[in-house]
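Report on the following structure.
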Amino acid sequence: SQQGEEDPQALSIQEGENATMNCSYKTSINNLQWYRQNSGRGLVHLILIRSNEREKHSGRLRVTLDTSKKSSSLLITASRAADTASYFCATPGFAGNNRKLIWGLGTSLAVNP
Amino acid sequence: GAVVSQHPSRVICKSGTSVKIECRSLDFQATTMFWYRQFPKKSLMLMATSNEGSKATYEQGVEKDKFLINHASLTLSTLTVTSAHPEDSSFYICSARGAGQGAMYFGPGTRLTVT
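Residue numbers (my numbering), protein chains in the order written: chain Z, 1 to 113; chain D, 1001 to 1115.
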C-alpha cells in the first residue's frame, strides 16, 4: 500500500532558524496534507495542498508540491521552541468504500531555545 | 474548528481485562470515524474505519475480535480492547469526519498501559 516517507526522520535546530521537512509518496494524489503532533497528543491539521497547486503559505508555513517527483516539502520559517513536535504528511487513500489517509513516518523536529 | 474528544486520556489495566475507549465528536455529526494505533516515535497505523450504524472495516492484520469497534451514533464510536495484554500497550487515536467533509479531526489520544 502507498505510504508517504518523510525525511529527515529527526531534525534539531536553533530558534530562529528555518526547518525543512520532505515527504515522498508513491501513487497519484489529488491532495497532500501536513499534520503536527505534539508529544503524546493528537494530531492537528496544518495545511492541505491540492495537486494543481505548487506552493501554499499559511503564516510561517510554506508547503510545496511537486507531482512529477511525487514529493512535498514543509518549511517552517523563523522557528520557535513551541514548534517542537512531530510533523506528518498524509495522502488520500481508500479503505473499502471509505476514504482514509495514508500516513508518512513523520519528522521529529526539536527547536532549541 | 471541530472538536473530537477521547476518554479516557490515560488508562492502566491488568493483563486479561478489557478496556473501552470512547471517541466523541462534540460539534458535528461524524459519519465516519477512524481508529489508529501509534507506537513511540512511529507513524499512525490505521486499525479500522467505522461508519455510523454499520460494521467497522478492519485493516489487514488487525483482529476484529480483539479490537471491538462500535459506532452506534453520529457522535460516538468506541474501541474495546478485549483481554488486553502488555503488547497492546500503545497510544490509540481516533479521528472523525462528517458527511461531505474533506477535513478530518483528531482526538487527543488515549495512552493504554497493560501491566
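Glycine included, each C-beta is placed from N, C-alpha and C at the ideal position.
Interface residues of chain D facing residue i [CB-CB closer than 7 angstroms]
i	result
G104 of chain Z	S1043
Within chain Z, partners of residue i - CB distance below 7 angstroms
i	result
P1108 of chain D	R41 and G42
L1076 of chain D	Going along chain Z, no residue has its Cβ under 7 angstroms from L1076 of chain D, so there is no contact; the nearest lies around 17 angstroms.
Listed by chain order, chain Z residues near residue i by CB distance under 8 angstroms
i	result
M1104 of chain D	H45 and L101
Beta-bridge pairing of residue i - partner residues as DSSP gives them
i	result
N31 of chain Z	Z:R50
G93 of chain Z	Z:K100
S72 of chain Z	Z:C23 and Z:L65
A1096 of chain D	D:M1033 and D:Y1105
H1007 of chain D	D:E1022
E55 of chain Z	Z:T64
Residue-level contact to chain Z via CB, residue i, 7 angstroms cutoff
i	result
I1093 of chain D	yes
V1003 of chain D	no
Contacts of residue i in chain D (Cβ-Cβ under 8 angstroms)
i	result
S108 of chain Z	K1041
Contact set between residue i and chain Z, taken where Cβ atoms lie within less than 9 angstroms
i	result
L1112 of chain D	What L1112 of chain D touches in chain Z: nothing, since even the nearest Cβ is about 12 angstroms away.
L1068 of chain D	Result: empty, since nearest Cβ-Cβ is about 18 angstroms, beyond 9 angstroms.
L1079 of chain D	In chain order: nothing, as chain Z lies at least about 15 angstroms away.
Test: residue i CB closer than 7 angstroms to a CB of chain D
i	result
Q2 of chain Z	Summary for Q2 of chain Z: the model assigns pLDDT 32, below 50, so the residue's position carries little reliability, and this model does not support an answer.
* To do: Kindly confirm or deny that the segment 1006 to 1026 of chain D and the segment 1073 to 1089 of chain D touch, where touching means at least three C-beta pairs closer than 8 angstroms.
  => Short answer: they touch.
* For the segment 1019 to 1040 of chain D, which residues have a beta carbon sitting closer than 9 angstroms to at least one beta carbon of chain Z? -> The residues in question are T1032, F1034, Y1036 and Q1038.
* To do: May I ask you to verify whether the segment 1063 to 1072 of chain D touches the segment 1001 to 1013 of chain D, counting CB pairs closer than 8 angstroms and requiring at least 3?
  => With a cut-off of 8 angstroms, the segment 1001 to 1013 of chain D and the segment 1063 to 1072 of chain D do not count as touching, because too few Cβ pairs lie within range.
* Inter-stretch contact at 8 angstroms, needing at least 3 Cβ pairs: the segment 1090 to 1104 of chain D / the segment 1027 to 1046 of chain D -> Short answer: they touch.
* Hey, is the segment 1083 to 1093 of chain D in contact with the segment 16 to 26 of chain Z, meaning 3+ C-beta pairs nearer than 8 angstroms? -> Segments in contact, no.
* Please confirm if the segment 1105 to 1114 of chain D is in contact with the segment 1049 to 1061 of chain D, defined as three or more CB-CB distances below 8 angstroms between the two stretches. => Segments in contact, no.
* Asked: Do the segment 98 to 106 of chain Z and the segment 46 to 59 of chain Z meet, that is, are 3 or more Cβ pairs less than 8 angstroms apart?
  -> Inter-segment contact for the segment 98 to 106 of chain Z and the segment 46 to 59 of chain Z is absent: fewer than three beta-carbon pairs are separated by less than 8 angstroms.
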